[in-house]
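Under UniProt numbering, the first residue of the sequence shown carries the number 1, and numbering increases by one thereafter. Backbone N, C-alpha and C define an ideal beta-carbon position, used for all residues, glycine too. Please read these numbers as outputs of a predicted model, since none were measured by experiment. Encoded as structure tokens, the structure appears first; notes follow it.
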Amino acid sequence: MAIEVDRPGVDGLGGAVDALREWQDDGAPVQLHPGDVGWFWRFGAEATAAAVRTWSRDGRVLAVGLLDGPGVLRMTVAPDALRDEELARRVAEDVSRPDRGVFEAGRANVEAPKGALVKDLLVADGWQLDEPWTPLRRDLAGPVEDPGVRIEVVGPERVPERSAVQRASFEKSTFTDDRWHAMAGGPVYADARCLVAYDDSGEAVATVTVWSAGPGRPGLLEPLGVHRDHRRRGHGRAITLAAAAALREMGSSAAVVCTPSSNVGAVATYESGGFRRLPEVRDHYREA
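This is the structure:
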């Protein structure tokens with residue numbers, strides 16, 4: 001049968017998330033993770049369903065994409081379908097033609113895993129390389145160092161602090177208490193934790209959300225932020241260590257994260273927390 005592209009709807013999101021969970025592997029490149037869908041769930045179930053695309057053949061999901069904004073598709077492919085020509089050609093056509101319902105006319109970015117044939121096809125079709133990103137990974141086989149500060153797991157009573165630190169960490173953040181509750185009410189959050197770090201005075205200074213893909217699979221940090229008024233005091237390293245420890249407790253084999261290479265401070269923070277820098281990756285983009 002031919003490749004079929006689908007918007008799975010709210011009821012079908014579980015199948016897309018299950019596929020993403022199954023594809024996470026320590027030997028695979030850092031790629032779209034169930035936690036990326038879980039973090040997007042802060043906008044609600046309907047918005048998340050509208051942002052997800054799946055490509056399937058004979059009822060089996062072979063690729064999953066998340067429209068992380070109107071012009072950015074973050075996608076990954078089943079490990080045994082990375083060089084599947086029929087799949088790659090269908091995805092390349094779908095992202096290149098506005099009538100296919102993935103992108104409208106205008107600038108578009110596609111993130112695909114290293115080694116995927118679709119990347120080659122996009123280059124052949126004139127898509128350009130965008131700015132580099134740095135993936136980082138920390139193995140969790142051994143114990144994680146103590147972060148040296150008070151760390152709390154976020155429940156409903158700590159949501160105002162968690163959302164306030166989020167907004168103070170990212171200039172354009174729109175995160176609110178309601179969005180935390182929407183995210184935490186989604187099914188993906190069953191395998192997640194939000195953490196908040198506190199300084200010696202008891203003030204909330206940093207936060208992170210960690211997402212497990214199940215025991216023995218790499219977990220994701222998304223997002224991690226330090227309050228703008230409390231930077232350069234070691235809080236970034238502390239919350240990074242706390243995130244790694246939480247994922248280890250949840251059975252994750254490794255912790256992964258990806259950040260723009262231009263954000264040298266973030267890269268340094270993750271490295272200070274025991275993460276190892278991996279080769280840079282780049283999206284592909286077209287202007288129209």
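Contact check for M183 and S212: beta-carbon distance about 15 Å, past the 8 Å limit, so the pair fails to qualify. Closest by C-alpha distance to R90, out of V64, P79, G71, is V64. Counting only the Cα atoms, R138 lies some 13 Å from D25. G12 and P70 have their C-alpha atoms some 21 Å from each other. Residues of the same chain with a CB within less than 7 Å of the CB of T48, apart from the 5 flanking positions on each side, are L13, V37, F40, W41 in chain order. T207 is classed as buried because its beta carbon has at least 16 other beta carbons within 10 Å across all chains shown. In this structure, V196 places its C-beta atom within 8 Å of the C-beta atom of E152. When the five nearest sequence neighbours on each side are left out, the beta carbons in the same chain lying within less than 8 Å of the beta carbon of D229 are those of A168, in order along the chain. When rounded, the separation of the alpha-carbon atoms in S56 and D191 is 25 Å. With distances taken between CA atoms, G219 lies nearest to A246 out of W133, S262, P79, A246. In the three-state reduction of the DSSP assignment, A51 falls in the helix class, which pools H, G and I. Approximately 17 Å separates the beta-carbon atoms of P79 and V281; this is outside 8 Å, ruling out the contact. Boundaries of the beta strand (DSSP E) around E4: 4–6. For T176, DSSP assigns no beta-bridge partner whatsoever. Taking 8 Å as the cut-off, the beta carbon of D68 is found no closer than this to the beta carbon of M1. For Y270, the enclosing alpha helix (DSSP H) stretches over residues 264–272.
Separation of the CB atoms of V165 and A244 is rounded to 19 Å, and the pair is thereby denied contact status at 8 Å.
DSSP places Q128 in the uninterrupted beta strand (DSSP E) bounded by 128–139. DSSP places P223 in the uninterrupted beta strand (DSSP E) bounded by 219–226. The criterion of a C-beta distance shorter than 8 Å is satisfied by V102 and R53. Rounded to whole angstroms, the separation of the alpha carbons of G35 and G225 is 16 Å.
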